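Visitor:
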Amino acid sequence: MALVRAHVLVCTGTGCVSSGSRKVIAKLEEELKANGLDKEVKIVETGCQGFCEQGPLVIIYPEGTFYTHVQEADVPEIVSEHLIKGRIVNRLLFKEPLTSQSVPDYADIDFYKKQHRLVLKNCGHINPDSLEEYIGADGYEGLAKVLLTMTPEQVVEEMKKTGLRGRGGGGFPTGMKWGFCQKSPGPKKYIICNADEGDPGAFMDRSLLEGDPHAILEGMIIGAYAIGADEGYIYCRAEYPLAIKRLKQAIAQAEEAGLLGNKILGTDFSCTIHIKEGAGAFVCGEETALMASIEGKRGMPRPRPPFPAIKGLWEKPSNINNVETFANIPYIFRVGAEEYAKLGTEKSKGTKVFALTGKINNTGLAEVPMGITMREIIFEIGGGILGGKKFKAVQIGGPSGGCIPEQLLDTPIDYDSLIAAGAMMGSGGLVVMDEETCMVDVAKFFLNFTQSESCGKCTPCREGTKRMLEMLEKITDGKGEEGDIEKLEKLAASVKAGALCALGQTAPNPILSTLRYFRDEYEAHIKEKRCPAGQCHHLLSYKITDACKGCGLCAKNCPVDAISGEPKQKYVIDAAKCIKCGVCMTKCPFKAIVRG
């Protein structure tokens, strides 16, 4: 058997696959075989490596060379130069956006420097379809320790010592939640993983499921043992086909190896896990609606109490945690509660995975210790604002969250600090906005999402979100009136207080946070009929300045003939005809057309 002298890790997370990583792998196989290297060089298909904006990503070991934006056409050069001649292909190295300095080792890149990859440790570094590679990375050690040396009561107590809070949005202490279900009487209990990730701009859970499915299984099995459950469900949205495929593979492998099913690891504990594919309803992220969906009913929340720990799936005691919460569990039981609790802050322990999206240079996944500031995430890990523009706000927590303005960039990332700032941790989506973002429009976008995703069961959410959305549309259309802001605030408070579930209770958050920090933008829309960011279509106007050279390109490209003039003279726009499409401004080579 030939000695493997190099490993080529190729990201096959959804983002990199969509950018062509499968073609890269096929070409690598072809080139390695043609050069007689197919026995010496091993290709490893990994999950998401985090730096999504730079994909497809390739890391070559033992050097740890990090190549970005690798395409099929680049493969022959990588093979001939790097793998045969030992020379790095400099043009494919990542270059820091601010320093333009080539960095051959990915660990030295600013995007990774401040991260603490605990949950994402294996993602991008092992083959997610290989049980052997997961075990080689200390996988199932935590499960073995739990089943062979600990009682369920000891497991729950250990979890309480960690201070781990649920990563799905609510932040409820996980150990306490497990303890409630453990003490609930009854011979039949269920463990459930909420993988119904639906926040706009969020892809943390998807990447974990795709990149390290066995970690989620191991966490669920430990949780099942702790609460006394012999059956579990992973509720995953059908829009995640790669995650579902890899989960099914992991379940089959674990069952074959005796890590799942009857008498796990030779003990008396047995547990089976099923996958339930959701239909993409955002409300099914709420635990009682999720359980209704598993039961084959319409996904609608129910009043609590009784809580799921007492009366959950099929009216049996049930415990629900999200993907990231379960992914923490194997590490916790490998190193112990005390070691885990050293990470983070006093009331927010451990790390948090965030999806960085929006107007930011380094989009992707970042795992950071609790307590890091928003400024560090956006400007050091995220590389600052796209195009060198000015930072305006960051939306954290998805539709249920709020907007953090520039003056609060030094807010530490922990549950309590974010709530005090009018936002919330949520599942971990971070949408960065620049100076050209209209905050009224942002509130409208998120409210449009929650309104369309409302199940309609309770009046405050069904009618309240609709009325709030109508008021925001009225304001962005230039039809706002004095008193509309006060009406919005009053209605938002009523919906927050009266809605049945968290979807409705948190739906007003984007409105309340933008009103709190950007009230002047609402007032400009209403009183001045002006959008300060120049984004609201009905409030826009276009004007040709004295910089016009009379080239006529604007007139030639105007779709409604709203621009007229003589060659080499200043052209004019007929406001009555103008449809505000902005084509003229785009086509003007002299930047002589401005938007007001």
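Position 352 (the sequence shown) corresponds to 352 in full-length UniProt numbering; numbering is contiguous.
For each residue, glycine too, the CB sits at the ideal point set by N, CA and C.
The model shown is predicted, which means the values in this text are computed figures rather than measured ones.
Taking only the alpha-carbon atoms, compute the straight-line gap between residue 449 and residue 320 and give it to the nearest angstrom.
Guide: Spanning the two alpha carbons is a distance of roughly 24 Å.
Visitor: Can you tell me where the alpha helix (DSSP H) holding residue 505 begins and where it ends?
Guide: Element bounds for residue 505: 502-506.
Visitor: If you drop the 5 nearest sequence neighbours on each side, which residues of the same chain put their C-beta closer than 6 Å to that of residue 521?
Guide: Hits under 6 Å: 439, 440 and 532.
Visitor: Determine contact between the stretch 328-338 and the stretch 154-169, defined as no fewer than three beta-carbon pairs at a distance below 8 Å.
Guide: Because the criterion of three Cβ pairs below 8 Å is met, the stretch 328-338 and the stretch 154-169 touch.
Visitor: Going by other Cβ atoms of all chains shown within 10 Å of its Cβ, with 16 needed for buried, is residue 621 buried or exposed?
Guide: Missing from the structure shown is residue 621; the chain here goes from 1 to 596 and no further.
Visitor: Determine the direct distance from the alpha carbon of residue 397 to that of residue 503, and round the result to whole angstroms.
Guide: Those two C-alpha atoms are separated by around 12 Å.
Visitor: Drop a sphere of 10 angstroms on the beta-carbon of residue 515, count the other beta-carbons inside from all chains shown, and report buried for 16 or more, exposed for fewer.
Guide: Classification for residue 515: buried.
Visitor: Can you tell me whether DSSP reads residue 61 as helix, strand or coil?
Guide: In the structure shown, residue 61 sits in a strand (DSSP, three-state: E or B).
Visitor: How about the stretch 569-577 and the stretch 534-551: do they share at least three Cβ pairs that are nearer than 8 Å?
Guide: They touch, by the three-pair rule.
Visitor: Compute the Euclidean distance between the alpha carbons of residue 387 and residue 221, then round it to the nearest angstrom.
Guide: Cα-Cα distance, rounded: 46 Å.
Visitor: What's the gap between the Cα of residue 470 and the Cα of residue 484?
Guide: For residue 470 and residue 484, the distance between alpha carbons rounds to 11 Å.
Visitor: Would you mind giving the Cβ-Cβ distance between residue 299 and residue 238, rounded to the nearest angstrom? I have them listed as a contact below 8 Å.
Guide: Not quite, the Cβ-Cβ distance comes to about 13 Å (not below 8 Å), so this is no contact.
Visitor: Could you check what DSSP says for residue 98 in three-state terms: helix, strand or coil?
Guide: In this predicted model, residue 98 has a pLDDT of only 48, less than 50, meaning its place in the structure is not dependable enough to derive any value.
Visitor: Just to confirm the assignment: which complete alpha helix (DSSP H) runs, minimum length 4, are found wholly within the stretch 129-178?
Guide: Taking only runs of at least 4 residues, the alpha helix (DSSP H) segments lying wholly in the stretch 129-178 are 131-136, 141-149 and 152-162.
Visitor: Quick check on residue 409: does DSSP put it in helix, strand or coil?
Guide: Looking at residue 409 - three-state DSSP - the assignment turns out to be coil, as it is neither helix nor strand.
Visitor: DSSP has residue 305 in a bridge; who is on the other side?
Guide: According to DSSP, which records beta bridges pairwise, residue 305 is partnered with nothing at all.
Visitor: Mark residue 579 as exposed unless 16 or more other C-beta atoms lie within 10 angstroms of its C-beta, in which case mark it buried.
Guide: It is exposed - the Cβ of residue 579 has fewer than 16 other Cβ atoms within 10 Å.
Visitor: Please report how far the alpha carbon of residue 260 lies from the alpha carbon of residue 224, in whole angstroms.
Guide: One C-alpha to the other measures close to 11 Å.
Visitor: Any idea if residue 390 is buried or exposed, counting beta-carbon neighbours within 10 angstroms, 16 or more meaning buried?
Guide: Per the 10 Å Cβ criterion, exposed.
Visitor: For the stretch 269-336, list the alpha helix (DSSP H) runs that are entirely contained and at least 4 residues long, ordered along the chain.
Guide: Whole alpha helix (DSSP H) segments, 4+ residues: 287-294 and 323-335.
Visitor: Count the other C-beta atoms from every protein chain shown that fall within 10 angstroms of the C-beta of residue 528, then say buried if there are 16 or more, exposed otherwise.
Guide: When all chains shown are included, residue 528 counts as exposed.
Visitor: When the cut-off is 8 Å and only beta carbons count, does residue 343 lie next to chain C?
Guide: Checking the listed chains, one finds no chain C in this structure; it contains a single protein chain.
Visitor: Does the structure place the stretch 37-49 close enough to the stretch 125-135 that three or more beta carbon pairs sit under 8 Å?
Guide: Yes, since at least three Cβ pairs between the stretch 125-135 and the stretch 37-49 fall closer than 8 Å, the two stretches touch.
Visitor: Between which two residues does the alpha helix (DSSP H) holding residue 376 run?
Guide: Segment: none, residue 376 is in no alpha helix (DSSP H) and carries neither H nor E.
Visitor: Cα-Cα, which of 201, 196 and 200 is closest to residue 209?
Guide: For residue 209, the nearest C-alpha among the options comes from 196.
Visitor: What are the boundary residues of the beta strand (DSSP E) that residue 431 is part of?
Guide: 429-434 is the extent of the beta strand (DSSP E) around residue 431.
Visitor: Buried or exposed: which applies to residue 98, given that a residue is buried once 16 or more other Cβ atoms fall within 10 Å of its Cβ?
Guide: Model confidence at residue 98 stands at a pLDDT of 48, short of 50, so the residue's coordinates are unreliable; what they give is reported in the following sentence. Flag for residue 98 reads exposed.
Visitor: Starting from the Cα of residue 264, find the closest Cα among 230, 283, 294 and 236 and give me that residue.
Guide: Looking at the Cα atoms, 230 is the closest of the given residues.
Visitor: Leaving out the 5 sequence neighbours to the left and right, which residues in its chain are closer than 7 Å to residue 314 when beta-carbon positions are compared?
Guide: So the qualifying residues of the chain are 295.
Visitor: Look at the Cβ atom of residue 383, then the Cβ atom of residue 513, and state whether they are nearer than 8 Å.
Guide: No, the Cβ-Cβ distance between residue 383 and residue 513 is not below 8 Å.
Visitor: Identify whether residue 6 lies in helix, strand or coil by the three-state DSSP scheme.
Guide: Three-state result, residue 6: strand.
Visitor: Quick check on the DSSP output: the beta strand (DSSP E) that includes residue 364 runs from which residue to which?
Guide: Counting along the chain, the beta strand (DSSP E) containing residue 364 begins and ends at 364-369.
Visitor: At the level of alpha carbons, what is the spacing between residue 350 and residue 250?
Guide: Distance between the alpha carbons of residue 350 and residue 250: 26 Å.
Visitor: Grab the span of the alpha helix (DSSP H) containing residue 396 for me, first residue to last.
Guide: Unbroken run through residue 396 is the beta strand (DSSP E), 391-396; no alpha helix (DSSP H).
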